[in-house]
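Worksheet for the structure shown next.
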Amino acid sequence: MAWSWSLVALVLAMVSPSLEYIWERKDSFERNYYDRISQEWRFAKDKWNGDDPGYQKIPPRIETARKFMENFLDRDIKELDDGAKNIRRRSVGDNIFYDVVFVLDSSASVGVKDYKNGILALQTLITRAKEDTRYAGITFSTEANITFYFTDPLDAMKGLGGITYAPGMTNTQAALDICRTQLWLNKKSGFRRLSFKRILIVTDGQSNINMERTLYNAFQLKNMGIEIFVVAVGKYLRGIAEIVGLASSTDAHLYRVRNLRGLLEVVHLIPPWRLIHQQQRTWLANMFENVEDEFKYFSHAKQRHNTH
C-alpha cells in the first residue's frame, strides 16, 4: 500500500507545475498560446498599473483590419503590392466552422450614438465572415442579458438590429457567466459541438460590479477551449490591465480602437467573404466599399432563407 501512495505523490509532483498554465494548441491555425491565469491576476493587481503605452496605443485602422482578418476571421492577405489584392482562405479546410458570441458593453460611458456604430460594426463584421458561422449575442451594463441565441447570419443581423441601448454600470463578469452557463453549457442554445468556439467582447473600460470575478469567469471560458477576443474602445483606458487579461493573447486577440465609429471603419476595410475568390477587384476598390455591402448581403441571405 505504501508504494501506491508513493506513486500518487510522484504523479502529483510531475503534474502540479503544469497546472499554472492552460495550454491549447490549434494546429489548424498554426497558433500556440498560453492562458496564464496566475499571470493575469498579477498583471491586474500587482505588477502593472495599465499605463503601458504598448496597450494604450491605438494602431492605424488598416493594421487593425489586417489583424482582424488573420486572427478573428482566419483569412490571409498574401500580397498588397501596387494596389493589387490576393485574398485566400487559410488552409483550414471546408470542415472548419465557427460559433461566435458577441458580448457588447452598453454602459453609460459608451453613449447612444457610438453604441449604434458598434451595432453596425458587428452587423458588417458578419458579412466579412464565413457564411456558415453561427452567432449569439449578449449585452451588458448593470445587468447582462442574452439578446439572441446561436443562429444564422441573417437572423443574427436582425437580432443585433433589435438591440436597444440600456446604459448603466459595467458588469462584465455577469456577461461572461451567462455566456458560459446559458450558451456554452446549454445544449439547447444552438451551438455546434465540433465548432471552433469564440467570444468577441467589445468594451470601453474596466468592470465595476463584482470585478474580482471578471478575470476568473474569463479563465473558466478559456479553460473550456473557447477563444476570447477583445476590442478595447477608447483613447485612454483606465483599468486596461483587466481588459488585457480577458483576451486569450495580446498579439492575436486584443484590438484597440478610439471609438466604435473607429471599429466600424476598421471592419469596412475588410473585403466581404464572398469576394475571396474574385481576385480581379483591387484592394483599393474593396477598401472603400460602402454600406451597400450589408444590404446586398442581407438581400442575398433573405433569398436563401426563403428557399429553405
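Those letters in the sequence shown? Residues -20 to -1, 1 to 288, by mature numbering (1 follows the signal peptide of the UniProt record, and there is no 0).
Every residue, glycine too, gets a C-beta built ideally from N, C-alpha and C.
Keep in mind that this is a model prediction, so the values were computed, not measured.
*Would you kindly work out how many angstroms separate the C-alpha atoms of P147 and F128, rounded to a whole number?*
Distance between P147 and F128, taken at the CA atoms: about 19 Å.
*At which residues does the beta strand (DSSP E) containing L194 begin and terminate?*
Before going on, a small fix: residue 194 reads as Thr here, not Leu. From DSSP, T194 is part of no beta strand (DSSP E) but of the alpha helix (DSSP H) over 194 to 203.
*asked:* If I follow the unbroken beta strand (DSSP E) through W237, where does it start and stop?
replied: The question names Trp, but residue 237 is Val in the sequence shown. Where V237 is concerned, the enclosing beta strand (DSSP E) stretches over 234 to 237.
_Meets three-Cβ-pair contact criterion under 8 Å: the stretch 216 to 224 and the stretch 239 to 249_ = In this structure the stretch 216 to 224 does not touch the stretch 239 to 249; the number of beta carbon pairs closer than 8 Å is below three.
*Looking at C-alpha atoms only, which residue of T150, L165, L174 is the closest neighbour of I181?*
Minimum Cα distance to I181 is reached at T150.
*Using the C-alpha atoms, what's the distance from A101 back to residue 292?*
Past the boundaries of the shown model lies residue 292; the chain is included only from -20 to 288, so the question cannot be answered.
*Buried or exposed for L174, please, with buried defined as at least 16 other CB atoms from any protein chain shown within 10 angstroms of its CB.*
Counting Cβ neighbours within 10 Å, L174 comes out exposed, since fewer than 16 surround it.
_Tell me the residue span of the beta strand (DSSP E) that contains N125._
Here the beta strand (DSSP E) through N125 covers 124 to 131.
*At a cut of 8 Å, does the stretch 78 to 88 reach the stretch 125 to 145 through at least three beta carbon pairs?*
Per the Cβ contact rule, the stretch 78 to 88 is in contact with the stretch 125 to 145 (3 or more Cβ pairs under 8 Å).
*Determine the closest residue to I189 out of F176, I118, L156, with distance taken between C-alpha atoms.*
Of the listed residues, the one whose Cα sits closest to I189 is L156.
*So, helix, strand or coil for G242, using DSSP?*
Note: G242 maps to helix in three-state DSSP.
*Please check if any C-beta of chain C sits within less than 9 Å of the C-beta of T127.*
No chain C appears in this structure, which consists of one protein chain only.
_Using the Cβ count rule (16 or more neighbours within 10 Å means buried), how would you classify F75?_
Note that residue 75 corresponds to Asn in the displayed sequence, not to Phe. Flag for N75 reads exposed.
*asked:* Mapping the DSSP letters down to three states, classify L140 as helix, strand or coil.
replied: Looking at L140 - three-state DSSP - the assignment turns out to be helix.
*Contacts around I42, its chain only, beta-carbon distance under 7 Å, and the 5 residues preceding and following it disregarded*: The beta carbon of I42 sits closer than 7 Å to those of L249, all from its chain and outside the five residues before and after it, given in chain order.
*Check whether the stretch 187 to 201 touches the stretch 157 to 170, taking contact to mean three or more Cβ pairs, one atom from each stretch, closer than 8 Å.*
Look at the beta carbons and you see the stretch 187 to 201 touching the stretch 157 to 170: at least three pairs across the two are nearer than 8 Å.
*Using the beta-carbon count (16 or more within 10 Å), is R172 buried or exposed?*
Counting other Cβ atoms within 10 Å of its Cβ, R172 stays below 16 and is therefore classed as exposed.
*Return the first residue and the last residue of the beta strand (DSSP E) that G117 is part of.*
For G117, the enclosing beta strand (DSSP E) starts and ends at 114 to 120.
*L84 versus P251 - alpha carbon distance*: In a straight line, the C-alpha of L84 is about 23 Å away from that of P251.
_Cutoff 8 Å; reference T131; Cβ partners in own chain excluding five residues on either side_ = Excluding its 5 nearest sequence neighbours in each direction, T131 has C-beta neighbours in its own chain below 8 Å: R114, Y115, A116, G139, G170, listed in chain order.
_Same chain, Cβ closer than 8 Å to K37, five either side skipped, listed in chain order_ = Cβ within range, chain order: R236.
*So is V210 buried or exposed if we call it buried at 16+ other beta carbons inside 10 Å?*
Burial check for V210: the Cβ neighbour count within 10 Å reaches 16 or more, so the residue is buried.
*Enclosing alpha helix (DSSP H) for E43 [first to last residue]*: For E43, the uninterrupted alpha helix (DSSP H) run begins and ends at 41 to 47, by DSSP.
*Compare the Cα-Cα distances from T230 to each of A212, M204, L217 and report the closest residue.*
It is A212 whose Cα lies nearest to the Cα of T230.
*Can you list the beta strand (DSSP E) stretches of 3 or more residues lying completely in the stretch 85 to 113, in chain order?*
Within the stretch 85 to 113, complete beta strand (DSSP E) segments of at least 3 residues are not found at all.
*Using the rule of at least 16 other Cβ atoms within 10 Å of the residue's Cβ for burial, across every protein chain shown, is V92 buried or exposed?*
With fewer than 16 Cβ atoms within 10 Å of its Cβ, V92 is classed as exposed.
*Can you name the start and end residues of the alpha helix (DSSP H) that E222 belongs to?*
Element bounds for E222: 220 to 226.
_One or two residues paired with K177 in a DSSP bridge_ = Per DSSP, the beta bridge partners of K177 are D79.
*Run the CB neighbour count on R46, radius 10 Å, all protein chains shown included, and call it buried at 16 or more, exposed below.*
By the 10 Å Cβ count, R46 comes out buried.
*Could you give the DSSP three-state label for Y35: helix, strand or coil?*
In the three-state reduction of the DSSP assignment, Y35 falls in the helix class.
*If we call anything under 9 Å between Cβ atoms a contact, is T122 one with I143?*
Not in contact: T122 and I143 (Cβ atoms no closer than 9 Å).
*For K177, count neighbouring Cβ atoms within 10 angstroms of its own Cβ and tell me buried if that reaches 16, exposed if not.*
Taking every protein chain shown into account, the CB of K177 has 16 or more other CB atoms within 10 angstroms, so this residue is buried.
*What did DSSP end up calling T183 once you bin it into helix, strand or coil?*
The three-state secondary structure of T183, taken from DSSP, is strand.
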